[in-house]
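Heads up: the structure comes next, in structure tokens.
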Ligand code: AQP
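The structure is reproduced here in structure tokens:
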């Protein structure tokens, strides 16, 4: 008898140009899982409204994101690829989850604290930023996902989703599957090249961010100027040598070789030689990716993929939301 596959769900928000962090920490992971799991991968466009974003930019980012998903090898025959806003049940269940959460737990979310602290007083913090994790919980719980692959920065939100699911199940009887976060062994946190203490992020536009679809020469220069240290030893030591360790992690994630093996090969050859080797690996991979993205954008396949994906996603989402409404006494 054929064993039913476990379900996996994840998404990326089109808040800006995709980075090497998104690629290594999320997209590359998705590809490795697509045969083993029943996968739902979405474009989290509602989440991208939590901070102000230009509508034209949002449209372009959305098109880039679906093109990158496809160019990287996510196969719409195997994976349900869809846009969050095409399935209105996300917003509906998001509201229910907001009503089942409390301000204390939302205030403790690290991402909320980081992002809101940059905005100043409460008057300038959008409410959407605050309730982001309850919408994320809805994204996951609608589909009874067993696993959620995420970078370390998002793990706390999946932990909160678990708490909300358990709370709802005990208050209203068994309704949601309690999901498990999965983080990659290598590459779960790619750091900024300019400030290796900080995560590489799409919304932190800086010279330390490698944007997947940017000019290759600009990206090469950024890698060659990556901040390192002065002792000229190549070894993996994230505490004392965050810059070199970050470059080792990047190279390891893209070549499937261990950081130790790479460090042994380049130690003694100088940082310049090592950076050039990292740049060659990254640029080679990005060049192939960019060519495929251009082909996909011209192919006209994007709309059809998203429409089919939304239809499949909606089927599960509608069933789950009806169940929730029944349990809470709304229908
Ligand atoms: N630097 C990173 N290293 C490893 N994984 C990363 N991810 C993001 N940055 C890194 C992972 O990418 C997935 C999608 O993330 P998201 O767009 O939904 O939200 P995010 O984590 O907030 O990503 P960004 O790029 O930092 O976006 P902004 O700047 O808009 O907040 C997640 O699995 C994430 O862990």
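Numbering (this note's numbering), first residue to last: 1411 to 1741.
Heads up, the beta-carbon is just placed ideally off N, CA and C, and yes, glycines get one too.
Keep in mind the model is a prediction, meaning the values are calculated, not measured.
Check residue 1449 in the structure and name its three-state DSSP category.
For this step, residue 1449 is matched to residue 39 along the chain shown. Residue state, collapsed to three classes: strand.
In chain order, which alpha helix (DSSP H) runs of at least 4 residues are fully inside the segment 1533–1581?
1537–1551
Residue 1515 Cβ short of 7 Å to the ligand AQP heavy atom set:
Translated into the one-based positions of the chain shown, residue 1515 becomes position 105. Not under cutoff, so the answer is no.
Starting from residue 1591, trace the beta strand (DSSP E) in both directions and tell me its first and last residue.
For the purposes of this step, residue 1591 is taken as the residue at position 181 of the chain shown. Residue 1591 -> beta strand (DSSP E) spans 1590–1592.
Evaluate the contact criterion for the segment 1603–1613 versus the segment 1639–1659: three or more CB pairs, one atom per stretch, below 8 Å.
yes
So the alpha helix (DSSP H) residue 1493 belongs to, where does it begin and stop?
As a working note, residue 1493 is residue 83 in the chain shown. Careful: residue 1493 lies outside any alpha helix (DSSP H), inside the beta strand (DSSP E) at 1489–1493.
Which first and last residues belong to the alpha helix (DSSP H) in which residue 1682 is found?
By one-based count along the chain shown, residue 1682 stands at place 272. Counting along the chain, the alpha helix (DSSP H) containing residue 1682 begins and ends at 1681–1709.
Nearest-angstrom Cα separation, counted from residue 1623 out to residue 1471
Taking the chain shown and counting its residues from 1, the one referred to as residue 1471 is at position 61. Taking the chain shown and counting its residues from 1, the one referred to as residue 1623 is at position 213. Straight-line Cα distance between these residues: approximately 11 Å.
Helix, strand or coil for residue 1433? Go by DSSP, reduced to three states.
Numbered from 1 along the chain shown, position 23 holds the residue referred to as residue 1433. Correct three-state label for residue 1433: helix.
If I follow the unbroken beta strand (DSSP E) through residue 1419, where does it start and stop?
As a first step, residue 1419 must be located in the chain shown, where it is residue number 9. From DSSP, the beta strand (DSSP E) with residue 1419 extends over 1417–1422.
CB of residue 1468 within 8 Å of CB of residue 1500, strictly
For the purposes of this step, residue 1468 is taken as the residue at position 58 of the chain shown. For the purposes of this step, residue 1500 is taken as the residue at position 90 of the chain shown. No, the Cβ-Cβ distance between residue 1468 and residue 1500 is not below 8 Å.
Could you give the distance in angstroms between the alpha-carbon of residue 1674 and the alpha-carbon of residue 1433?
As a position in the chain shown, residue 1674 is number 264, starting the count at 1. As a position in the chain shown, residue 1433 is number 23, starting the count at 1. Each residue's alpha carbon lies about 26 Å from the other.
With distances taken from each beta carbon to the nearest heavy atom of the ligand AQP, which residues come in below 5 Å, in chain order?
1422, 1423, 1425, 1431, 1432, 1435, 1436, 1560, 1561, 1563, 1564, 1599, 1600, 1609, 1610, 1611, 1612, 1613
First through last residue of the alpha helix (DSSP H) which encompasses residue 1521
Here residue 1521 refers to the residue found at position 111 when the chain shown is read from its first residue. Segment 1520–1527, the alpha helix (DSSP H) holding residue 1521.
How many whole angstroms separate the CB atoms of residue 1543 and residue 1418, which I take to be in contact at a CB cut-off of 8 Å?
Position 133 of the chain shown, counted from the first residue, corresponds to residue 1543. Position 8 of the chain shown, counted from the first residue, corresponds to residue 1418. Residue 1543 to residue 1418, Cβ: 19 Å. No contact.
Supposed close pair residue 1669, residue 1633 - CB separation, criterion 8 Å
Against the chain shown, residue 1669 aligns to sequence position 259. Against the chain shown, residue 1633 aligns to sequence position 223. In fact, because the Cβ distance is near 17 Å, the residues do not count as touching under 8 Å.
8 Å Cβ cutoff met for residue 1706 and residue 1480:
The count along the chain shown starts at 1 and reaches residue 1706 at position 296. The count along the chain shown starts at 1 and reaches residue 1480 at position 70. Cβ distance < 8 Å, so residue 1706 and residue 1480 count as in contact.
Within the same chain, show all residues whose beta-carbon is closer than 7 Å to that of residue 1697, passing over the 5 residues directly before and after it, in chain order.
In the chain shown, residue 1697 corresponds to position 287, counting from 1. The residues are 1626.
Mapping DSSP to helix, strand and coil, what is residue 1631?
In the chain shown, residue 1631 corresponds to position 221, counting from 1. Reduced to three states, the DSSP call for residue 1631 is helix.
State the start and end residues of the unbroken alpha helix (DSSP H) segment that holds residue 1725.
Residue numbering aside, residue 1725 sits at position 315 when the chain shown is read from its first letter. Segment 1712–1738, the alpha helix (DSSP H) holding residue 1725.
For residue 1601, which beta-bridge partners are listed by DSSP?
Residue mapping note: residue 1601 aligns to position 191 of the chain shown, counting from 1. Beta-bridge pairing links residue 1601 to 1609.
Residue 1521: which of 1461, 1554, 1476 sits nearest, CA to CA?
Counting from one through the chain shown, the residue named residue 1521 turns up at place 111. The shortest C-alpha separation from residue 1521 is found at 1461.
Going straight from the alpha carbon of residue 1512 to that of residue 1577, what length do you get?
By one-based count along the chain shown, residue 1512 stands at place 102. By one-based count along the chain shown, residue 1577 stands at place 167. Cα to Cα, the separation comes out at about 12 Å.
On the CB-based measure, 16 or more other CB atoms within 10 Å of its CB, does residue 1581 come out buried or exposed?
For the purposes of this step, residue 1581 is taken as residue 171 along the chain shown, with counting starting at 1. Per the 10 Å Cβ criterion, exposed.
Are the segment 1489–1498 and the segment 1451–1460 touching, with three or more C-beta to C-beta distances below 8 Å?
yes
Closer than 8 Å to chain B by CB, residue 1572:
No chain B appears in the structure shown, which is made up of a single protein chain.
CB residue 1617 to CB residue 1425, shorter than 8 Å?
In the chain shown, residue 1617 corresponds to position 207, counting from 1. In the chain shown, residue 1425 corresponds to position 15, counting from 1. In this structure, residue 1425 does not lie closer than 8 Å to residue 1617 by Cβ.
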